[in-house]
Every structure is written in C-alpha cells, then in structure tokens.
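Below is one structure; the comments refer to it alone.
2 protein chains.
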Amino acid sequence: MALLVQKFGGTSVGSTDRIEAVAELIVRSVQAGHKVVAVVSAMAGETNRLLGLAQQIDPRASSRELDVLAATGEQVTIALLAMALIKRGYPAVSLLADQISVNTDNKFGKARILSVDKARLAAELEQGHIVVAAGFQGRDVEGNVTTLGRGGSDTSAVAIAAAINADECQIFTDVDGVYSIDPRICSGARRLPYIPFNDMLELASLGAKVLHSRSVEYAGRFKVPLRVLSTFRPDAGTLMVYEDIPMQMPIISGIACQSGVTFVQCSNLTANSLTLLMQSLARLNVEADMVQQQGTWPNQLQLSWTVADADWPQVAEELKDLAKNNLLNLERSQQNLAKLSVIGSGIKSQPELVARIFTVLEQMNIQIWLVTQAETRFSVLMPPELMESVAARLHQTLVSVEN
Amino acid sequence: MALLVQKFGGTSVGSTDRIEAVAELIVRSVQAGHKVVAVVSAMAGETNRLLGLAQQIDPRASSRELDVLAATGEQVTIALLAMALIKRGYPAVSLLADQISVNTDNKFGKARILSVDKARLAAELEQGHIVVAAGFQGRDVEGNVTTLGRGGSDTSAVAIAAAINADECQIFTDVDGVYSIDPRICSGARRLPYIPFNDMLELASLGAKVLHSRSVEYAGRFKVPLRVLSTFRPDAGTLMVYEDIPMQMPIISGIACQSGVTFVQCSNLTANSLTLLMQSLARLNVEADMVQQQGTWPNQLQLSWTVADADWPQVAEELKDLAKNNLLNLERSQQNLAKLSVIGSGIKSQPELVARIFTVLEQMNIQIWLVTQAETRFSVLMPPELMESVAARLHQTLVSVEN
Chain A
9 MALLVQKFGG TSVGSTDRIE AVAELIVRSV QAGHKVVAVV SAMAGETNRL LGLAQQIDPR
69 ASSRELDVLA ATGEQVTIAL LAMALIKRGY PAVSLLADQI SVNTDNKFGK ARILSVDKAR
129 LAAELEQGHI VVAAGFQGRD VEGNVTTLGR GGSDTSAVAI AAAINADECQ IFTDVDGVYS
189 IDPRICSGAR RLPYIPFNDM LELASLGAKV LHSRSVEYAG RFKVPLRVLS TFRPDAGTLM
249 VYEDIPMQMP IISGIACQSG VTFVQCSNLT ANSLTLLMQS LARLNVEADM VQQQGTWPNQ
309 LQLSWTVADA DWPQVAEELK DLAKNNLLNL ERSQQNLAKL SVIGSGIKSQ PELVARIFTV
369 LEQMNIQIWL VTQAETRFSV LMPPELMESV AARLHQTLVS VEN
Chain B
9 MALLVQKFGG TSVGSTDRIE AVAELIVRSV QAGHKVVAVV SAMAGETNRL LGLAQQIDPR
69 ASSRELDVLA ATGEQVTIAL LAMALIKRGY PAVSLLADQI SVNTDNKFGK ARILSVDKAR
129 LAAELEQGHI VVAAGFQGRD VEGNVTTLGR GGSDTSAVAI AAAINADECQ IFTDVDGVYS
189 IDPRICSGAR RLPYIPFNDM LELASLGAKV LHSRSVEYAG RFKVPLRVLS TFRPDAGTLM
249 VYEDIPMQMP IISGIACQSG VTFVQCSNLT ANSLTLLMQS LARLNVEADM VQQQGTWPNQ
309 LQLSWTVADA DWPQVAEELK DLAKNNLLNL ERSQQNLAKL SVIGSGIKSQ PELVARIFTV
369 LEQMNIQIWL VTQAETRFSV LMPPELMESV AARLHQTLVS VEN
C-alpha cells in the first residue's frame with residue numbers, strides 16, 4: 009500500500025468523458041490498495057476562455073482579479089472529478105487551495121508556494137476518502153487568491169506530495185515519459201526510465217515541456233519521488249532519482265531546444281549599475297539566462313545575457329531608462345534566437361564530450377552567439393533555422409552512439 | 009453620502025458589455041458621493057452550463073460537489089466587474105464568501121446564511137475601495153463551500169447590508185419595481201412605490217419572482233431598507249417599508265400566481281404519525297403549504313396540504329413508506345394545480361374583501377381545492393387553466409377599483 013499523489017493536466021481532464029477516464033485510473037490505484045490525492049488542472053481551453061473574457065474588459069486587467077478569475081478553472085474540475093469518483097462508489101472530497109492552506113507569496117499570476125498544511129489532507133485520507141485537490145491556485149498571507157502561472161499544477165502536486173510525505177508523486181500527462189530529445193525532431197529519441205534530479209531540473213528549465221521547472225526544484229528540496237507517465241497509455245514512464253547515478257546510466261540525459269530567445273549585450277557598466285540592472289530584472293520578475301560578464305571590475309564592465317522574447321519589450325524599456333541616466337549603453341540586441349542545450353550529470357568533467365559538440369557545430373558552420381557551460385549542461389545560442397538539424401545531429405553523435 | 013449595497017442579477021451581468029454597463033451605474037453612485045458594495049450573481053446561463061457538465065457525469069451528483077462547481081459562476085463575475093471598475097480608475101476589490109466570512113449552515117444547495125463578518129468589508133470601504141462581493145455562495149462551519157439556492161444572491165446582498173448597516177440595499181433587476189400583478193396577466197398592473205414588509209414577504213414566497221423570499225425574511229429581521237429597481241431603466245423602483253402603513257397606502261398590495269402545485273390529502277393519521285410526517289418533510293427540506301388538519305385529536309386525523317410539483321416524487325415515496333407501516337393512508341393527490349393569492353396588510357380584518365373574492369370565484373364557477381387565509385394573504389388552490397383570467401378579474405375588482 010502506497011500513498012500516491014496523482015496529477016492530471018488540462019488535456020487529461022479536457023472533457024467530461026476524459027474526467028470519467030481519469031476517475032477509472034484513480035479507482036484502479038485505489039483497488040490496488042493505494043491511498044490517492046488527485047491534483048487537477050483546469051479543463052483544456054477553460055483558462056484561455058476565462059482570460060478571453062478578461063481581455064474583452066481590459067487587456068491590461070488587474071493581476072489580482074485575473075487570479076480570482078483563473079482560479080475558477082480548477083474549481084470546476086475538482087468538483088466534476090469528485091462527482092465521477094462518488095458515482096463509482098468511492099468516497100471522494102474536493103478541496104480548494106484555502107481548504108488545504110496552500111500558502112503562497114503575493115506575486116499574482118506567478119506566485120510561489122511557501123507551505124501546504126497537511127492536517128486537512130491527512131484527516132480526509134485517514135477517513136478513507138480520495139482527495140481531489142485544486143492545482144494551480146493558492147492564497148497569500150492576506151487570504152487573496154493567487155495562481156502559480158502556467159504549468160503550476162505540477163508544483164501544487166509536488167508541494168502536496170511533500171506535505172503528506174507521499175511515496176510517489178505521479179505526473180500524468182500526454183506523453184509517456186521524459187525523452188532524450190523531442191521525438192518530433194529526431195526519430196532516434198528514446199524514453200529515459202530514470203533521470204537524475206539535476207538533469208531533470210536543467211531539462212525543465214530549458215523548454216522541455218514535460219514538467220514545470222518550479223515543480224522540479226520543489227521536488228528536489230523535499231526529495232519527492234517524481235514520476236512522469238501517460239494518462240492515455242499507462243506505463244512505467246520516467247522516474248526522477250536523487251541517488252548517485254548508477255553506473256549503467258548514460259552520462260547524457262538528453263538534448264533540449266528552446267526558441268524565442270533574445271540576446272542582449274550592454275557595455276559601460278559599473279559594479280553599481282550592474283546591481284541596479286539586476287534589481288530591475290528582479291522587480292520585473294524576468295529571468296536572465298546565459299549571463300556572461302567581461303571587463304575589469306568595478307568599471308568598464310560588459311554584460312551579455314538572454315531573456316525570453318516575451319520579456320524583451322519591458323526589459324528594453326528598463327534598459328532605455330538606465331541608459332538615459334548614463335548607467336550603461338545598450339550595444340546590441342537580437343530577438344528570435346534559439347538555445348540548444350545538452351544535459352547530462354557530470355558533463356563538465358568529460359572534456360571530450362564538449363569537444364565533440366564543438367566539432368559538430370563547426371562542421372555545420374553554425375553562427376554561435378553565446379556558449380555557457382555548467383555542471384550538468386552545455387548551451388549554445390544560435391540562429392533558429394538550424395536548431396532542429398543540429399539537435400538531431402548531436403543526438404546521433406552523443407546519445408545514440410553512447411548506448 | 010450614503011452607504012449602499014447594490015445587487016445585480018444574472019441578466020444584468022449576462023455579458024461583458026452588460027458588466028461594463030453595471031460598472032458605469034456603480035461609478036455614477038460613487039460620483040454622487042456614495043460608498044458602494046456591489047453583490048453579483050453568475051452571468052446569465054453560466055449556472056446552467058455548469059450544472060449541465062455535472063449532469064453529464066452524474067444526474068444525481070453529490071450536493072457538496074455541486075456547490076463547489078456552482079460557486080465558480082459568481083467568482084467569474086466579481087473578477088470581471090472589479091476589472092471593469094479598475095479600468096475606469098476606481099479602486100475596486102473582489103471578495104469571495106470565505107474572505108468576508110459569509111457563514112451558512114451545511115444544507116448544500118439551499119444553505120441559510122448565519123452571519124457575515126463586517127471587519128473585512130469595513131476595512132476595504134475605509135480605504136475608499138469599491139467592494140465587489142460574490143453573491144449566492146457561503147461557507148459552512150467546516151469551511152465547505154455552500155450555495156444558497158436560486159435567487160440566493162438577493163439574500164447575500166441583504167445579509168451584507170445588515171452586517172455593514174447600509175443605508176439602503178438596492179436590488180437591481182430586469183423589472184423596475186414590484187407590481188400589483190404580473191403585467192403580462194393584466195394590463196391594469198401598477199407599480200407600487202412602497203410595499204409593507206409583510207406584504208412583500210407573502211408576495212416573494214408566493215411566486216412573485218422579483219425577490220427571493222429568504223432575502224425578504226432576512227431584511228425583515230434586521231430592518232434593512234430594501235429597494236427593487238431596474239438595471240436598464242434606473243428609476244425610484246419600489247421601497248420596502250417597515251413602519252405602520254401610511255393612510256394613503258392601499259390595503260391590497262397585489263395578486264400573485266403560482267403554478268406547478270401538488271395537492272395532497274392523507275387520512276387515518278395519529279398525533280404521532282403526523283409528527284413523523286412533518287419530520288420526514290423537514291428531512292427532505294420540502295416546504296408544505298396551505299396545511300389544513302381535520303378530525304379529532306389525537307386519532308383519525310385528516311391532513312390536506314400542497315407541495316411544489318418538483319418535490320412531489322420524493323414526498324410520494326415517503327408517504328408510501330409511511331402507509332406501508334400503517335401510519336397513514338394517502339387518500340388523494342393531484343399535480344399541476346395553481347395557487348392564486350391576494351396580498352394585503354390587514355386583509356383578514358376586512359371581511360368584505362374576502363366576500364368580494366368569493367363572489368368572483370363563484371361567478372366564474374371555479375373548482376376550489378383548498379382555501380387558506382392568514383393575516384396578510386388569502387390563497388385559493390384551483391385548476392391552472394383559469395388562473396390568469398381569475399387573477400385579472402380579481403385585480404380589476406379589488407385593486408383597480410380601490411384606487
């Protein structure tokens with residue numbers, strides 16, 4: 009008997025028929041002797057429908073009120089799924105964020121979970137109930153409704169799993185696991201039975217859409233055993249592991265592609281203006297990636313980095329203000345670039361892998377905008393047109409050969 | 009400067025355009041120097057859409073989960089209306105039932121409000137905010153979501169008005185006040201500028217759809233000045249008054265018609281079985297009306313009464329059980345009857361009015377199933393076909409002549 013958290017995304021609960029199918033899946037776990045907390049998203053399309061209504065009223069609507077609006081999506085799903093379980097003779101109870109004290113900060117639209125209270129969850133499970141909890145939503149310290157941003161239900165599931173010390177947090181989705189590369193890009197893509205936590209963290213933050221990166225971070229903090237598997241073809245999926253990588257596990261977990269990246273280069277910064285710039289980005293809640301600093305501290309610094317294309321307009325505004333105050337010069341910016349990353353635990357300690365990557369890039373005559381390397385990933389910023397063929401070639405060279 | 013609660017029903021907020029129009033209406037009150045708490049229903053059609061989803065999953069869905077589902081309708085409206093006010097430059101804040109502690113009993117689907125906490129409302133008003141509160145929804149003592157049943161937003165508005173001691177509770181609807189009779193039935197219908205509380209209570213419980221009867225009861229308990237007026241043609245509407253009826257006010261307030269009524273007659277009851285029967289009805293939450301008891305206490309009692317057609321199937325089941333245990337005999341039942349009521353404060357003390365009613369009924373050769381009389385109403389149960397022509401004739405005889 010295990011205590012399972014099972015999370016079902018918008019596609020998995022996209023219609024009443026699919027909600028019935030999810031109920032069947034949960035019932036099979038219960039029949040196998042497990043206790044289940046289901047965490048669900050809004051029905052596919054529902055969040056967009058709601059935001060469309062807001063758009064009609066005000067394209068720049070209050071973020072507090074957008075969260076009040078969007079949180080209704082999950083509330084609808086939990087009620088319908090609980091009904092489907094009760095109809096099958098299984099006592100189920102739906103619970104909202106405030107009912108299980110999913111406490112977050114007050115960054116509306118992209119709030120972070122601070123804590124989840126296990127008392128109510130434990131009491132319901134103790135009574136033999138299946139709990140159906142609303143993903144994506146929380147409450148701040150003043151009791152305002154917050155939402156965690158797109159994909160936030162994954163984080164809800166992990167936070168709940170951590171709170172109740174679940175044996176496994178199962179993320180049911182429309183793919184059957186984590187792949188070494190997007191199968192649409194490369195026919196040689198293979199499903200990973202296991203993936204080390206650090207590699208999963210890199211993959212998630214690098215555009216592999218299978219898991220929300222915050223959920224992976226949160227899982228890591230509490231060592232939650234996290235499994236990705238398919239709602240439609242239940243199978244073992246991919247299990248995220250925290251132990252030292254077993255010998256038989258490959259060094260390269262996979263290759264991730266991300267488009268819509270803007271390159272930014274500034275010059276004439278001082279230590280002080282650098283700090284101001286970073287504070288601005290933090291205030292805008294914009295993530296800077298591939299950051300590289302050149303020049304001699306504390307003056308005449310040059311900084312290159314990337315942001316998502318979507319964030320660029322507000323970053324550009326901010327840079328214009330800083331430039332006006334002579335705090336920096338904007339040397340160059342380029343939108344619509346692609347970031348290709350090779351992920352593998354200990355990649356940095358294998359210099360011959362990095363050499364092979366550069367060989368491929370050179371053979372294919374790729375214009376490289378930026379290169380960054382960390383313990384478990386190697387990333388290249390490049391023009392978008394060739395991204396997929398480079399990815400396929402690297403997969404063939406590094407992943408397929410290796411096994 | 010007055011403190012106003014303004015309630016807008018589903019038709020008034022039925023589209024984003026209408027929500028914008030409601031925002032304009034609220035803004036005009038604020039510009040006139042008033043403080044406003046708006047209370048809103050779900051957008052017209054939304055509650056039915058949600059219940060349709062539940063129906064697809066389980067036609068006899070869990071009532072707890074139906075409330076979780078239905079409560080989302082009001083949550084959508086408060087967010088959109090708050091956005092529309094903020095867009096106009098007025099600080100507004102949406103609040104859910106749990107955020108203003110709308111505490112109810114736990115009768116899901118038709119919960120009663122026990123209390124509303126004024127602290128949060130007062131704090132928001134103090135800061136100059138327009139409050140947009142969700143009608144229809146509440147929370148029970150365990151924090152479960154409850155709903156007040158159809159029309160419950162009226163009660164929410166009144167309860168909030170009572171809690172903050174509002175100067176007036178304005179119920180905006182698609183009619184411009186309370187009429188002496190449904191204008192579709194009788195062209196001589198006239199709008200009442202004032203209506204005594206007791207008459208309004210009778211009218212509301214007798215099928216005049218303008219106000220939910222619980223909201224009138226609740227208003228009476230706290231003497232909330234309640235005004236009914238039109239969202240589309242703002243005007244003075246009808247004000248409910250609690251003082252002694254001024255001399256110039258007519259004795260007859262109006263005539264109400266209600267169809268879909270079932271007549272029930274049982275015999276061979278004892279005092280004990282009568283109690284059991286009443287307990288059963290209470291457990292089913294079925295309202296018995298026009299109750300008449302004949303026979304000699306405590307044995308050989310006969311009981312006639314009415315219930316809504318919609319409640320009859322479950323009442324019939326219950327009576328079958330009681331009959332099986334020899335606690336009563338079901339003598340007769342008849343569905344699809346009509347109840348016609350004449351309402352006026354002190355009607356009982358005016359025997360010549362009652363005589364005139366009977367004269368009309370006799371002249372029109374009406375088959376009377378039951379007659380009941382109370383301090384402020386006189387009701388006749390009759391076949392449905394003639395209900396409207398009898399109502400028009402009585403209106404002509406009693407109301408039009410009188411003025």
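Going down the list, the protein sequences come from chains A and B.
When we follow the numbering used here, the leftmost residue of the first sequence carries the number 9, and every step to the right adds one.
When we follow the numbering used here, the leftmost residue of the second sequence carries the number 9, and every step to the right adds one.
Backbone N, C-alpha and C define an ideal beta-carbon position, used for all residues, glycine too.
- Using a Cβ-Cβ cut-off of 8 Å, residue 123 of chain A does not count as an interface residue toward chain B, since no Cβ of chain B sits closer than that to its own.
- Leaving aside the five residues that flank residue 341 of chain B on each side, the residues in its chain whose CB is nearer than 8 Å to its CB run, in chain order, 270, 271, 272, 273, 320 and 324.
- Residues are counted here when their Cβ sits less than 8 Å from a Cβ of chain A; for the segment 102-113 of chain B these are 102, 104, 106 and 107, given in chain order.
- Residue burial annotation: residue 191 of chain B is exposed, with fewer than 16 other C-beta atoms found within 10 angstroms of its C-beta.
- A contact is defined here as three or more CB-CB pairs under 8 Å, and the segment 15-29 of chain B fails this definition with respect to the segment 202-220 of chain A.
- DSSP places residue 29 of chain B in the uninterrupted alpha helix (DSSP H) bounded by 24-39.
- Within the segment 82-100 of chain B, the residues whose Cβ lies closer than 7 Å to any Cβ of chain A are, in chain order, 83, 84, 86, 87, 88, 90, 91, 92, 94 and 95.
- Taken atom to atom, the span from the alpha-carbon of residue 157 of chain A to that of residue 156 of chain B is near 32 Å.
- Around the Cβ of residue 123 of chain A, a 10 Å sphere holds fewer than 16 other Cβ atoms; the residue is exposed.
- Residue state for residue 328 of chain B is assigned as helix, using DSSP reduced to three classes.
- About 4 Å separates the CB atoms of residue 138 of chain A and residue 100 of chain A; that is less than 8 Å, so the two are in contact.
- Here residue 202 of chain A is buried, its C-beta having at least 16 other C-beta atoms within 10 Å.
- Secondary structure of residue 308 of chain B (DSSP, three-state): coil.
- Rounded to the nearest angstrom, the gap between the Cα atoms of residue 163 of chain B and residue 154 of chain B is 14 Å.
- Closest in C-alpha terms to residue 392 of chain B, from the list B:98, B:344, B:376 and B:205, comes B:344.
- In the DSSP assignment, residue 204 of chain B falls within the unbroken beta strand (DSSP E) covering 202-204.
- The beta carbons of residue 188 of chain A and residue 407 of chain A sit closer together than 8 Å.
- Bridge pairing for residue 187 of chain A: A:199 [DSSP].
- Residue 247 of chain A has A:202 and A:235 as its beta-bridge partners, per DSSP.
- Cβ-Cβ separation between residue 317 of chain A and residue 268 of chain A: approximately 4 Å, consistent with a contact (criterion under 8 Å).
- Of B:303, B:285, B:310 and B:41, the smallest CA-CA separation from residue 275 of chain B is found for B:310.
- In this structure, residue 82 of chain A places its C-beta atom within 8 Å of the C-beta atom of residue 142 of chain A.
- At a C-beta separation below 7 Å, residue 64 of chain A has these neighbours in chain B: 24.
- The Cβ atoms of residue 209 of chain A and residue 185 of chain A lie no closer than 8 Å to each other.
- Less than 8 Å separates the beta-carbon of residue 44 of chain B from that of residue 12 of chain B.
- Around the C-beta of residue 204 of chain A, 16 or more other C-beta atoms lie within 10 Å, and the residue is accordingly described as buried.
- For residue 61 of chain A, the C-beta contacts it makes with chain B under 8 Å involve 24, 84 and 88, in order along the chain.
- Taking a C-beta distance under 8 Å as the contact criterion, residue 350 of chain A and residue 385 of chain A qualify as a contact pair.
- Taking 8 Å as the threshold, the shortest C-beta distance from residue 154 of chain A to chain B does not fall below it.
- Among the residues facing chain A, residue 32 of chain B is not included, as its CB has no counterpart in that chain under 8 Å away.
- Distances from the alpha-carbon of residue 259 of chain A to those of A:313, A:206 and A:78 put A:206 closest.
- Residue environment: residue 357 of chain A is assigned as exposed (fewer than 16 neighbouring CB atoms within 10 Å of its CB, all protein chains considered).
- Positions of the beta strand (DSSP E) runs, each at least 3 residues long and wholly inside the segment 111-135 of chain B, are given as 121-124 in order along the chain.
- Bounds of any beta strand (DSSP E) do not take in residue 75 of chain B; it lies within the alpha helix (DSSP H) bounded by 71-78.
- Taking a beta-carbon distance threshold of 8 Å, residue 133 of chain A does not count as an interface residue toward chain B.
- Here the alpha carbons of residue 285 of chain B and residue 334 of chain B stand approximately 12 Å from one another.
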